[in-house]
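Protein chains in written order, with our numbering: chain A, -13 to 363; chain B, 3 to 228; chain C, 1031 to 1134.
Virtual Cβ for every residue (Gly too), placed ideally from N, Cα, C.
Each remark here refers to the structure printed beneath this line.
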């Protein structure tokens, strides 16, 4: 065993000395390789963490949301619909939601305005998400002016700023009482944006949704399981965009690595011949080259992945967030909980390290099995 | 004295099976004794270098037998042949074949890497060899900065690092002036005094007239002529 | 005379072990446990009856992903990145990017 280690150390001595001969070229290659692993790992880590968090949080989302469609667009749901929905067997409770969007010309951002049913906000007072407070520079006790549907200015007092830790769900929320909401948007009482259903048995959700469509053909039910699927799919799509952009970088690197590794020059061939002539076995030459591939790709993989982890979880992915989160005036400012997917890690390893080692090893193997007497000619 | 290396009916073909096939070594019987300095001589293309590769177990004969210390090595698999070569032969190539970009010391230590001796020991041994050859002050220099004579001495040190009983040198004086050629012959004398077998190939009169040479084998067209 | 005292393999393996250590620490810190705010945030989702995360606010279909139309053809904000590839090729018309009083 000690002999084996000593032998490997000599092989490493040699391969590193050989790499050190072209310092700039090999350092450049290592840097590009590391950067590639870093970029791909950042995307994977970021979207994995986001998916995990979404999957957890949205377990608490409404089981069914029912929207009314008129001419293919969302329309307000009248209270009569709620009564009809209540009669469906298996439905535990029905609730009309009041929510919508408000474009704030002052900061050119969209807020989500909501009249929550779980809290009674007195007329003229609101609760705002941390994102709004940050963008508008508003604090508790301040008065915010918004323009109603009829152009009238409405003054609202900020009664509460929602905690920053809840940003991932509440950042752009503007919560107000039902009457204020109706006055702001000119919505007649007895009309709702959409309706949420809670179903007694999880297994009945699909059946309930089918009944909803039969009963009210102009509605569209959205199931929680669909919501969760949507989140998976959307992040896959965003991940795909970034990864597609990286394909170019990947191909460039592949060419670089291939050129470097497989284009065995006459000098390198001669070198292998010399090593064999002075007493190295074919296996020693191959192991030496294996070490070269393993060291270069090992360095790139470990460094790239570790940097990516810091990038995503310590610094909140400044390089990718705009693409992965989407573009916004009001950036929801949240940090993700660190998580690593073993399968993702393994496939990253497989797709970055293994091809590089193969590209270094295969051409050398072809050269190394030839007779060593070529160096004498 | 019994023969250390024996060749029996050895032939070596180049471009085997092709229309331009020819016999570089064409039926040679040769016995080389331990501790002797043997010179292979002959015009270029007479098969000196090919015969050296066969004697040094760098290649295998197409026909015939090569015996090394009584063991037939002509049909040994590559791995075992390497093993025999490592323990028995040190090579000084015509172009020296030092590995560029590495230091003299690293080049000298190179043949011992697969044997993995303790690093300090190997380093000391390499420095000792360089000292004996008057090259210690250049041990950290890159080999491409060496002069022809220095490069040859580095190559000799490399050939000696595993302490082989046989040293093989191909056209050792081809790139040296008279003064350096004499210095080389002095080294050969020392190797002989240490009890090593030395096999040289050369068509340099300086070498063939040197008193250190015990035996001259003349080649022509792949055959021994004298 | 300059003598290299440290072997290449020592330097290389040393650096590699440091990296491996950092990598291991990173993996260990990535527990698959839930985040510190997760339970509280799930409470928010359940209390307010939210159906989406607030990740991006540039358009209806990004703010409320799950409630978007099958193909939401219009943008809520002219500078937004678009789902459809054409958005990468065409600039939004200038009258949309100047914040006119008509902006709502």
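DSSP three-state call for residue i: helix, strand or coil?
i               : result
residue 73(B)   : strand
residue 319(A)  : coil
residue 1032(C) : In this prediction, residue 1032(C) scores a pLDDT of 46, lower than 50, which makes its location untrustworthy; the coordinate-derived value is nonetheless stated afterwards. Residue 1032(C): coil per DSSP, three-state reduction.
residue 17(B)   : coil
residue 109(B)  : helix
residue 375(A)  : Within the shown structure, residues of chain A are numbered from -13 to 363, placing residue 375(A) beyond reach of any answer.
residue 366(A)  : The structure shown does not extend to residue 366(A), since chain A spans only -13 to 363, so no value can be given for it.
residue 1046(C) : helix
residue 218(B)  : strand
residue 1115(C) : Low local confidence applies: a pLDDT of 49 at residue 1115(C) is under 50, so the model's placement there is unreliable, and no value is given.
residue 266(A)  : coil
residue 154(B)  : helix
residue 130(A)  : strand
residue 2(B)    : Past the boundaries of the shown model lies residue 2(B); chain B is included only from 3 to 228, so the question cannot be answered.
residue 12(A)   : helix
residue 1105(C) : With a pLDDT of only 49 at residue 1105(C), under 50, the local geometry of the prediction cannot be trusted, and the value read off the model is given with reservation. Residue state, collapsed to three classes: coil.
residue 345(A)  : helix
Among the options, whose alpha-carbon lies nearest the alpha-carbon of residue i?
i               : options                           : result
residue 208(B)  : 197(B), 185(B) and 193(B)         : 185(B)
residue 179(B)  : 150(B), 25(B) and 16(B)           : 150(B)
residue 146(B)  : 97(B), 65(B) and 68(B)            : 97(B)
residue 199(B)  : 20(B), 30(B), 34(B) and 27(B)     : 34(B)
residue 25(B)   : 32(B), 15(B), 31(B) and 19(B)     : 15(B)
residue 278(A)  : -7(A), -12(A), 1(A) and 216(A)    : 1(A)
residue 1036(C) : 166(B), 122(B) and 38(B)          : 122(B)
residue 301(A)  : 323(A), 287(A), 282(A) and 284(A) : 323(A)
residue 253(A)  : 321(A), 157(A) and 353(A)         : 353(A)
residue 1055(C) : 350(A), 326(A), 334(A) and 335(A) : 326(A)
residue 186(A)  : 48(A), 330(A), 336(A) and 335(A)  : 48(A)
residue 80(A)   : 39(A), 52(A) and 21(A)            : 52(A)
residue 1(B)    : 159(B), 115(B) and 144(B)         : There is no way to answer for residue 1(B), as the model of chain B reaches only from 3 to 228.
residue 168(B)  : 11(B), 227(B) and 37(B)           : 37(B)
residue 113(A)  : 87(A), 143(A) and 88(A)           : 143(A)
residue 124(B)  : 184(A), 118(A), -8(A) and 8(A)    : -8(A)
residue 68(B)   : 101(B), 45(B), 42(B) and 27(B)    : 27(B)
residue 39(B)   : 85(B), 65(B), 17(B) and 204(B)    : 204(B)
residue 41(B)   : 225(B), 222(B) and 218(B)         : 218(B)
Can you pull the chain C neighbours of residue i, defined as C-beta to C-beta under 7 Å?
i             : result
residue 56(A) : Within chain C, no residue comes near residue 56(A); the closest Cβ sits about 13 Å away, beyond 7 Å.
Mind pulling the chain B residues with CB within less than 8 Å of residue i?
i              : result
residue 255(A) : Result: empty, since nearest Cβ-Cβ is about 12 Å, beyond 8 Å.
Please list the partners that residue i has in chain A, where partner means a Cβ-to-Cβ separation under 7 Å.
i               : result
residue 80(B)   : 268
residue 1076(C) : 46
residue 152(B)  : Residues of chain A passing the Cβ test: none, with the nearest at roughly 18 Å.
residue 1047(C) : By Cβ distance, chain A contributes nothing, its closest Cβ being about 10 Å from residue 1047(C), past 7 Å.
residue 61(B)   : 357 and 359
Whose Cβ in chain A lies nearer than 9 Å to the Cβ of residue i?
i               : result
residue 1044(C) : Per Cβ cutoff of 9 Å: no residues; residue 1044(C) is ~11 Å from chain A at best.
residue 160(B)  : 264
Residue i versus chain C: which residues are under 8 Å apart at the beta carbon?
i              : result
residue 95(A)  : 1087
residue 29(A)  : The premise fails here: residue 29(A) is roughly 16 Å from chain C at the closest Cβ pair, so nothing lies under 8 Å.
residue 151(A) : 1066, 1067, 1070 and 1071
residue 333(A) : Near residue 333(A) there are no residues of chain C at all, since even the closest Cβ is about 16 Å away, more than 8 Å.
Counting C-beta neighbours from all protein chains within 10 Å, is the total for residue i 16 or more, i.e. buried, or is it exposed?
i               : result
residue 175(A)  : exposed
residue -13(A)  : exposed
residue -4(A)   : buried
residue 10(A)   : exposed
residue 170(A)  : buried
residue 32(A)   : buried
residue 19(B)   : exposed
residue 3(A)    : buried
residue 127(A)  : exposed
residue 234(A)  : exposed
residue 1134(C) : Summary for residue 1134(C): the model assigns pLDDT 48, below 50, so the residue's position carries little reliability, and this model does not support an answer.
residue 212(B)  : buried
residue 1039(C) : buried
residue 239(A)  : buried
residue 90(B)   : buried
residue 135(A)  : exposed
How would you list, in chain order, the residues of chain B whose beta-carbon sits under 7 Å from the beta-carbon of residue i?
i              : result
residue 265(A) : 84, 87, 88, 113, 116 and 164
residue 260(A) : 99 and 101
Name, please, each residue of chain A whose Cβ falls closer than 8 Å to the Cβ of residue i.
i             : result
residue 93(B) : 263 and 264
request  = Assess, as a yes-or-no matter, whether the segment 86 to 102 of chain A is touched by the segment 188 to 197 of chain A under the definition of 3 or more beta carbon pairs within less than 8 Å.
outcome  = No contact exists between the segment 188 to 197 of chain A and the segment 86 to 102 of chain A.
message = Can you confirm whether the segment 138 to 152 of chain A touches the segment 1063 to 1071 of chain C when touching is taken to mean that 3 or more C-beta pairs between the two stretches lie within less than 8 Å?
response = As far as the Cβ criterion goes, the segment 1063 to 1071 of chain C touches the segment 138 to 152 of chain A, which means the pair count is three or higher.
task = Kindly confirm or deny that the segment 265 to 277 of chain A and the segment 60 to 78 of chain B touch, where touching means at least three C-beta pairs closer than 8 Å.
result = The segment 265 to 277 of chain A, when compared against the segment 60 to 78 of chain B, does not touch it at the 8 Å Cβ threshold.
ask   = Okay, do the segment 255 to 274 of chain A and the segment 59 to 76 of chain A touch, 3+ Cβ pairs below 8 Å being the bar?
value = No, they do not touch.
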